[in-house]
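Peer 1: Quick note, the sequences are listed as chains Z and P, same order.
Using the numbering used here, you'd call the opening residue of the first sequence number 189 and step up by one each time.
Using the numbering used here, you'd call the opening residue of the second sequence number 417 and step up by one each time.
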Amino acid sequence: MTQAPFGRRLLTVTGMEELGAYRVLRVADPDGPEPEPGQFAMLAAAEGWGGGEQQRPLLPRAFSIARRSDGESHFLLEDVGPGTRRLCELRAGERLWVLGPLGRGFYAPPQGRRAILIGGGVGIAPLAILQDVLQAPATVLLGFRDRARAQGAALLDGARVATDDGSSGHHGLVTDLLAAGLQRDPEAVVYACGPAGMLEGVRALCAASDTPAQLALEAGMACGFGACFGCVVPRRGGGYLRVCVDGPVIDAAELERVEEHAGAPA
Amino acid sequence: MSVDFCGLELAHPVINGSGTFDAIAARTVFGDALLSDFPFAAYVSKTITLEPRQGNPPPRLWEASAGLINSIGLPNKGLEGYLREDLPQLVEIAAGAGEHGQPVPLITNVMGSSAEELSQLVEACEQHGEIAAIELNVSCPNVKTGLDIGADPRQLEAVVRAVRDRTRKPLIVKLTPNTADVALCAQAAQEGGADAVSLINTLRATALAPRGPSAPRGPSAPHGASARRPPWLGGGTGGLSGPAVRVVALAQVAAVAARVRIPVVGMGGVRSACDARELLDVGATLVAVGTESFRDPAAGARIASGLQAAAGA
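1) Measure from the alpha carbon of residue 456 of chain P to the alpha carbon of each residue in P/432, P/486 and P/684, then state which is nearest.
2) Residue 463 of chain P lies in the beta strand (DSSP E); which residues open and close that run?
3) Which residue or residues does DSSP assign as beta-bridge partners of residue 332 of chain Z?
4) Counting only C-beta atoms, is residue 223 of chain Z closer than 8 Å to chain P at any point?
5) Spell out whether any CB of chain Z is found under 8 Å from the CB atom of residue 697 of chain P.
6) State whether the stretch 520-527 of chain P contacts the stretch 687-694 of chain P, with contact taken as three or more CB pairs (one from each stretch) at a distance under 8 Å.
7) Quick one: which residues of the stretch 246-260 of chain Z get their C-beta closer than 9 Å to a C-beta of chain P? List them in chain order.
8) Could you check whether residue 499 of chain P and residue 540 of chain P sit closer than 8 Å to each other, using their CB atoms as the reference points?
9) Taking 8 Å as the threshold (C-beta atoms), are residue 264 of chain Z and residue 254 of chain Z in contact?
10) Candidates P/604, P/452 and P/435: which alpha carbon is nearest residue 676 of chain P's?
11) In the structure shown, what three-state DSSP assignment does residue 421 of chain P receive?
12) List, in order along the chain, the chain P residues whose C-beta lies closer than 7 Å to that of residue 290 of chain Z?
13) Residues of the stretch 425-441 of chain P with a CB closer than 7 Å to any CB of chain Z: list them in chain order, please.
14) Using the DSSP secondary-structure output, state which residues sit across from residue 306 of chain Z in a beta bridge.
15) Does the separation of the CB atoms of residue 707 of chain P and residue 655 of chain P fall below 8 Å?
16) Which chain P residues are close to residue 456 of chain Z, counting only those with a beta carbon under 7 Å from its beta carbon?
17) Starting from the C-beta of residue 638 of chain P, find all residues in its chain whose C-beta is less than 7 Å away, skip the five residues before and the five after it, and write them out in chain order.
18) For residue 294 of chain Z, decide whether its Cβ has a neighbour in chain B, counting only Cβ atoms nearer than 8 Å.
19) Could one say the Cβ of residue 482 of chain P lies closer than 8 Å to chain Z's Cβ atoms, at least one of them?
20) Name the residue from P/543, P/473 and P/577 whose alpha carbon lies nearest to the alpha carbon of residue 531 of chain P.
21) Could you work out which residues of chain Z lie near residue 488 of chain P, taking near to mean beta carbons separated by less than 7 Å?
22) Would you call the stretch 350-365 of chain Z and the stretch 329-337 of chain Z in contact, with 3 or more CB pairs under 8 Å?
23) Considering only DSSP beta bridges, list what residue 402 of chain Z is partnered with.
24) Inspect the beta-carbon positions of residue 591 of chain P and residue 613 of chain P and report whether they are closer than 8 Å.
25) Consider the Cβ of residue 194 of chain Z: report whether some Cβ of chain P lies at a distance smaller than 8 Å.
26) Go ahead and pull the three-state DSSP assignment for residue 422 of chain Z.
27) Report the option in Z/391, Z/312, Z/215 and Z/371 whose CA atom is closest to the CA atom of residue 148 of chain Z.
28) Distance, Cα to Cα, residue 560 of chain P vs residue 514 of chain P?
29) Spell out the partners DSSP gives residue 216 of chain Z in its beta bridges.
30) With a cut-off of 8 Å, does the C-beta of residue 721 of chain P fall near any C-beta of chain Z?
31) At which residue ranges does the stretch 497-584 of chain P contain complete beta strand (DSSP E) runs of 3 or more residues, listed in the order of the chain?
32) Just list the alpha helix (DSSP H) runs in the stretch 650-692 of chain P, keeping only unbroken ones of 4 residues or longer that don't cross its boundaries, in chain order.
33) Using three-state DSSP, classify residue 591 of chain P as helix, strand or coil.
34) From Z/337, Z/424 and Z/301, pick the residue whose C-alpha is nearest to that of residue 355 of chain Z; which is it?
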């Protein structure tokens, strides 16, 4: 686990590019530690965020680190609420607060076993940095609501796409593609990130075929470093896991099921 | 600007609110940088209960206007687990974070549903020299047991009196804001033998589940017309913190400080040295930071150095 510098850091936006229905936010962070794939950061715009006349957003928002390249960190954004909207408005030269890298990331597949990366919607982000560091080629399966969102698949190489409305790729769920993939390659290791429904589908399929799976979870969190105890998910056998410090990447075997309501404040 | 607080010498007047900073988790996330820049002059543990608690089912958070509603439910390992697993780690952190060979004082926050339970907790803390002071949680609005004791001055005085003799350590009573007269409660705590009071805890609040196609969980209305909308939080209700509560806290801290002779720890929505200064100016001896640490784990250090800069100017 890469440790974070103590305290949030004021960094500069170097770019904001459209990627279909999403935005890719690029932030200059030449001195920041190299994150592990699956780690995340808490982001808040330096202006217009929890101060002055602004009532919301107040708390920073958690985003997977989608890529590290040339001293920049990349984040995948979708405008779904006051926090993500404010972040989507950022332009090159503006500044934002960054706390991270945080959390436990993915760990590498055992030697000789093929990785299947499966993502849904904005949750494809940590799979991009994972693909960047994996030594061997991986199968990439990505699901989206529609064609505009499916353009996000360009973040990864060689992705097979599924859309809910059939406007791009396979008409149906990305977990359909996973089911076929697991039949072809029963020795695979699965890495997944996406909405709770998709993750639960992945968990159930992998449990049925005895396939190891690492799930990058999302949950509403106030702090990102274990302080608020707000981001919990039930652990198999009782009790809770904190997504921020016990995850966000959690072994599927540690979960009874992926709960639907673990959504984040947007 | 070192401060004397119930005989403890603190490097500055900024500490954390109980349950808003998990120093053990933060040590894992930030490493030794946490120690060299430790944000608090004393460290208050999260609330410890006799038996382990898992906490409330999620969702546990809601971002409100200029605030945060939480319904965490006091998850903790229980007294035995805390003393065996957490306290040794906190002692190591406090030693590493201290200056001039003086560890950061550790304050243990405890909650019980009766005077007997609280007495057991306080007696156990008394046995541990590493614990510098004890804070009684009689106010957490998330848990039914904590609410009544702190909201009723007579009960509060009786409970504080019952546990007072069990320890020689400073005893801080954390007051609930969800009561008719917080100053009267503070006075009752003082009469019971408290060495200090701290306030405010969170204000009871709730948030509703977003309107959606899914069937509400609540009971149906008599004629099946409109069902009650269920709460968003797994615990039903929660407590409001953050900038939204700051002026309420300021009024309550001022009222309490005017009423009691013992020191007051003021907290509620503090984001800056200016906010902290206002609490000190109405009579608080220490200021605690909570929700702002969620926005920036180093907030306490920033606020403390801001106070120091202003004092030196």
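Using N, Cα and C, we set each Cβ at its ideal position, and we do this for glycine too.
Peer 2: This is what the structure gives:
1) With distances taken between Cα atoms, residue 456 of chain P lies closest to P/432.
2) Membership of residue 463 of chain P in the beta strand (DSSP E) is indicated by the continuous run 459-464.
3) Answer is Z/351.
4) Against chain P, the CB of residue 223 of chain Z has no partner CB under 8 Å away; the residue lies outside that interface.
5) It does not; no Cβ of chain Z falls within 8 Å.
6) Judged by Cβ distances under 8 Å, the stretch 520-527 of chain P makes no contact with the stretch 687-694 of chain P, as fewer than three pairs qualify.
7) Cβ proximity to chain P below 9 Å picks out 246, 247 and 248 from the stretch 246-260 of chain Z.
8) Yes, the Cβ-Cβ distance between residue 540 of chain P and residue 499 of chain P is below 8 Å.
9) Contact flag set, yes.
10) Comparing Cα positions, the closest option is P/604.
11) Strand.
12) Those are 445, listed as they occur along chain P.
13) Taking 7 Å as the Cβ-Cβ cut-off against chain Z, the residues of the stretch 425-441 of chain P that qualify are 436, 437, 438 and 441.
14) For residue 306 of chain Z, which the question treats as bridged, DSSP gives the partners Z/329 and Z/380.
15) A distance of 8 Å or more separates the beta carbons of residue 707 of chain P and residue 655 of chain P.
16) It is not possible to answer for residue 456 of chain Z, since the shown part of chain Z is limited to 189 through 454.
17) Low confidence applies to residue 638 of chain P: its pLDDT is 49, below 50, so where it sits in the model is not reliable enough to give any reading.
18) Chain labels in this structure do not include chain B; the protein chains are Z and P.
19) Taking Cβ atoms only, chain Z reaches closer than 8 Å to residue 482 of chain P, which makes this a yes.
20) Of the listed residues, the one whose Cα sits closest to residue 531 of chain P is P/577.
21) Those are 417 and 418, listed as they occur along chain Z.
22) By the C-beta criterion, the stretch 350-365 of chain Z is judged to be in contact with the stretch 329-337 of chain Z, since at least 3 inter-stretch pairs fall below 8 Å.
23) The beta-bridge partner set that DSSP reports for residue 402 of chain Z consists of Z/379 and Z/439.
24) When the beta-carbon positions are compared, residue 591 of chain P and residue 613 of chain P come within less than 8 Å of each other.
25) By this cut-off, residue 194 of chain Z is an interface position.
26) Three-state result, residue 422 of chain Z: strand.
27) A query on residue 148 of chain Z cannot be resolved here, the shown segment of chain Z reaching from 189 to 454 and no further.
28) Only weak support is given to the placement of residue 560 of chain P: the predicted model assigns it a pLDDT of 46, under 50, and the value that follows is read from those uncertain coordinates. Straight through space, the alpha carbons of residue 514 of chain P and residue 560 of chain P are spaced by roughly 37 Å.
29) Residue 216 of chain Z pairs with Z/200 and Z/260.
30) No, its Cβ sits nowhere closer than 8 Å to a Cβ of chain Z.
31) Taking only runs of at least 3 residues, the beta strand (DSSP E) segments lying wholly in the stretch 497-584 of chain P are 522-526 and 547-553.
32) Runs of the alpha helix (DSSP H) inside the stretch 650-692 of chain P: 662-675.
33) In the three-state reduction of the DSSP assignment, residue 591 of chain P falls in the coil class, being assigned neither a helical nor a strand state.
34) Of the candidates Z/337, Z/424 and Z/301, the residue whose Cα lies closest to the Cα of residue 355 of chain Z is Z/337.
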